[in-house]
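Some notes on the structure that comes next.
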Amino acid sequence: MRECKLLSFAIVLVLFLVNGVNGEDPYRFFTWKITYGDIYPLGVKQQGILINGQFPGPQIDAVTNDNLVISVFNYLREPFLISWDGIQQRRNSWQDGVYGTNCPILPGKNFTYNIQVKDQIGSFFYFPSFLFHKAAGGFGGIRIWSRPKIPVPFPNPAGDFTVLAGDWYKTNHYILRRSYLEFGRNLPSPDGLLINGRGWNGYTFTVDQGRTYRFRISNVGLTTSINFRIQGHKLKLVEVEGSHTLQNIYDSLDIHLGQSYSVLVTADQPVQDYYVVVSSRFTPRVLTTTAVLHYSNSRKGVSGPLPWGPSTQVAWSLSQARSIRWNLTASGPRPNPQGSYHYGLIKPARTIMLANSAPYINGKQRFAVNSVSYVQPDTPLKVADYFKIPGVFSVGSIPTNPTGGSGYLQTSVMHANFREYVEIVFQNWEDTVQSWHIDGYSFFVMGMDGGQWTPASRVRYNLRDTVARSTTQVYPRSWTAIYVALDNVGMWNVRSENWARQYLGQQFYLRVYSPANSWRDEYPIPRNALLCGRGRGRRTRPL
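Written out as structure tokens, the structure reads:
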């Protein structure tokens, strides 16, 4: 009898181990070497940041729930960090890759990021987040594919292209940082635009006539909204930052800083080459660059005038933004309709209003949120919070509503409760388009309009099929409202995606707190966590 029980226990144990191994989500391993190298994106030699010798960096391909193990070796002369725009880092802000959560990788050292793309699909990108390195390159695309058994609401395209577009400066990044930003001056206008690291007609997308292709377009620029279009071809929108959309047809798309869109393009025109056009939006001088859509059997190069972009009017862009809706009949990363979450039926616990401004503080240009211009502490906030190091920050150091007062410097951290459902209103009284991002979250863009937001503005909210995303624009002298379920414990960066504004203080951290202190809510500090500042020399507990 005893032998039977032991045998039964052994069988159960073996089955458990086998099922545990087979049931574990796959791992994908990457080794990246970060170096300087000569690049010529606008025809001028510059010192760029390369990843494995590439500019832009290598593409990351993953499937929903994959575990990404990315070993980063820093061969620069400065500390370095990489962040993952739009990857939600469930229960794991330790891997977020911004200075509020991570110590930077010192020159000659390495750090291994451990990221799970839990319950995610879609188009995203990564970028360097420290010391204005984003102005030197170091960015690349991320594609998260649906699992094989999860239906996608369009046929498999014949090809899948990543388009990393944005503004660019001929001036090296360290001069922009030291001679402009740290001197208290805003950046000048960009010198041009790039498509996949190249200037005018420098990049080619090859297609076969009659076939349909997916283009994943990300605005990886520093300061400028862009418009994307392809000569003679229509754009069918299918996905925005991890959400399948209604498949509206557009001639062109406005893509604001930090945003990512997927469109389907059918090569249904006569065999020749066509312009792929990116131009700046809402800028005094319109910048334009092109790539080439090359039909595989074409012997005729690009010709004719470039297709016209939209006017500078906000109304056109606002109307397009409102037309982007969630596809309620499509599956998301899990085998249930992505629109089954009835976000509009939940009453928010509170409303937070965030107003951007551009104050001068101590005679220098700064940028602020609710009058507070963020100052980097000597120790990352997440490290200080974990080790309970006093004097680094205080929760509640930024008001939850505009004060109308003068700007001031502060390491600003806002408190939020785990599982709280909140309404956030971005109010913009400046004459420039703003772009806002929240790390660790997707949120529902409820509405946007001109003027002052009031409670009466809620009657114009989309309570049924607004898109869920992680970045949203706010038009000049306008507002944008979002709903967000704070279901991800951690210290999360809320920032302007205009990188000069972010660098000069237009950001803060949202501390989403659970008193349970449970691994169910948040993963513990990693064994390989880098410790710096007042956290240097302390011990991490092993996983």
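Note that my numbering has the sequence shown beginning at 1186, numbered continuously upward.
We treat Cβ as the ideally placed atom computed from N, Cα and C, and that holds for glycine.
Three-state class that DSSP yields for residue i in the structure shown
i: serine 1447; result: strand
i: serine 1703; result: coil
i: lysine 1218; result: strand
i: leucine 1716; result: coil
i: alanine 1247; result: strand
i: lysine 1303; result: coil
i: leucine 1530; result: helix
i: arginine 1721; result: coil
i: isoleucine 1509; result: coil
i: glycine 1524; result: helix
i: serine 1627; result: coil
i: tryptophan 1269; result: strand
i: histidine 1318; result: helix
i: proline 1709; result: coil
i: valine 1598; result: strand
i: tyrosine 1359; result: helix
i: serine 1278; result: helix
i: valine 1156; result: The shown model of the chain, from 1186 to 1728, leaves out residue 1156, and the question about it has no answer.
i: proline 1469; result: coil
i: leucine 1366; result: helix
i: proline 1727; result: At proline 1727, the pLDDT of 47 sits below 50, so the modelled position is not reliable; the number obtained from the coordinates is stated separately. Of the three classes helix, strand and coil, the one that applies to proline 1727 here is coil, per DSSP.
i: glutamine 1687; result: helix
i: arginine 1696; result: strand
i: serine 1620; result: strand
i: arginine 1262; result: coil
i: alanine 1653; result: strand
i: leucine 1227; result: coil
Own chain, CB closer than 7 angstroms to residue i, minus 5 neighbours either side, in chain order
i: glutamine 1274; result: Gln1280, Asp1281, Ile1300, Gly1625
i: lysine 1421; result: Gln1432, Ile1434, Val1448, Leu1449
i: glycine 1406; result: Gly1351, Asp1352, Leu1442
i: glycine 1384; result: Pro1226, Leu1227, Gly1228, Gly1377, Thr1474
i: asparagine 1207; result: Residue confidence for asparagine 1207 is low, a pLDDT of 37 falling below 50, so the modelled location carries little weight; the figure read from the coordinates is stated next. Excluding sequence neighbours, asparagine 1207 sits near nothing in its chain.
i: leucine 1648; result: Gly1529
i: threonine 1389; result: Ala1476, Val1477, His1479
Per DSSP, cross-strand counterpart(s) of residue i
i: threonine 1144; result: Lying before the first or after the last residue shown, residue 1144 is absent from the chain, which here runs from 1186 to 1728.
i: serine 1428; result: Val1425
i: lysine 1573; result: DSSP output for lysine 1573 lists no bridge partner at all.
i: glutamate 1605; result: Leu1671
i: lysine 1549; result: Ile1546
i: histidine 1479; result: Thr1391, Asp1458
i: aspartate 1634; result: Trp1664
i: asparagine 1412; result: Asp1439, Ser1464
i: tyrosine 1212; result: Asn1252
i: tyrosine 1354; result: Answer by DSSP bridge pairing: none, since tyrosine 1354 is not bridged.
i: tyrosine 1536; result: Reading off the sequence, residue 1536 comes out as threonine, not tyrosine. Glu1608.
i: tyrosine 1593; result: Val1557
i: threonine 1297; result: Ser1256
Under 8 angstroms between C-beta atoms of residue i and residue j
i: proline 1587; j: alanine 1540; result: yes
i: valine 1248; j: arginine 1332; result: yes
i: tryptophan 1353; j: leucine 1261; result: no
i: tryptophan 1621; j: serine 1681; result: yes
i: proline 1373; j: serine 1437; result: no
i: isoleucine 1267; j: isoleucine 1327; result: no
i: valine 1487; j: glutamine 1394; result: no
i: alanine 1476; j: isoleucine 1380; result: yes
i: glutamate 1605; j: leucine 1671; result: yes
i: glutamate 1410; j: valine 1652; result: According to the sequence shown, residue 1410 is serine rather than glutamate. Contact flag unset, no.
i: phenylalanine 1265; j: tryptophan 1217; result: no
i: valine 1463; j: phenylalanine 1400; result: no
i: arginine 1276; j: aspartate 1251; result: no
i: tyrosine 1593; j: serine 1627; result: no
i: asparagine 1750; j: glutamine 1232; result: For the chain, the structure presents residues 1186 to 1728; residue 1750 sits outside this window and is missing.
i: alanine 1534; j: valine 1607; result: yes
Same chain, Cβ closer than 6 angstroms to residue i, neighbours up to 5 away in sequence not counted
i: arginine 1686; result: Phe1552
i: glycine 1417; result: Gln1454, Tyr1459
Cβ-based neighbour list, residue i, same chain, cut-off 8 angstroms, excluding 5 preceding and 5 following
i: isoleucine 1574; result: Thr1564, Val1568, Arg1719, Gly1720
i: proline 1375; result: Asp1352, Trp1353, Tyr1354, Gly1406, Leu1407, Thr1408, Thr1409, Ser1465, Leu1472
i: glutamine 1550; result: Gly1369, Arg1370, Asn1371, Ala1543, Leu1689
i: tyrosine 1284; result: Leu1266, Ser1314, Phe1315, Gln1561, Pro1565
Touch test, the region 1674 to 1681 against the region 1629 to 1642, Cβ-Cβ under 8 angstroms, three pairs minimum: no
Three-pair Cβ contact test at 8 angstroms for the region 1233 to 1252 versus the region 1587 to 1596: With a cut-off of 8 angstroms on Cβ pairs, the region 1233 to 1252 is not in contact with the region 1587 to 1596, counting fewer than three such pairs.
The region 1685 to 1697 / the region 1596 to 1604 touching (three or more Cβ pairs under 8 angstroms): Yes, the region 1685 to 1697 touches the region 1596 to 1604.
At least 3 beta-carbon pairs within less than 8 angstroms: the region 1503 to 1518 vs the region 1528 to 1539: no
contact_flag[the region 1314 to 1329, the region 1356 to 1366] where n(CB pairs < 8 angstroms) is 3 or more: yes
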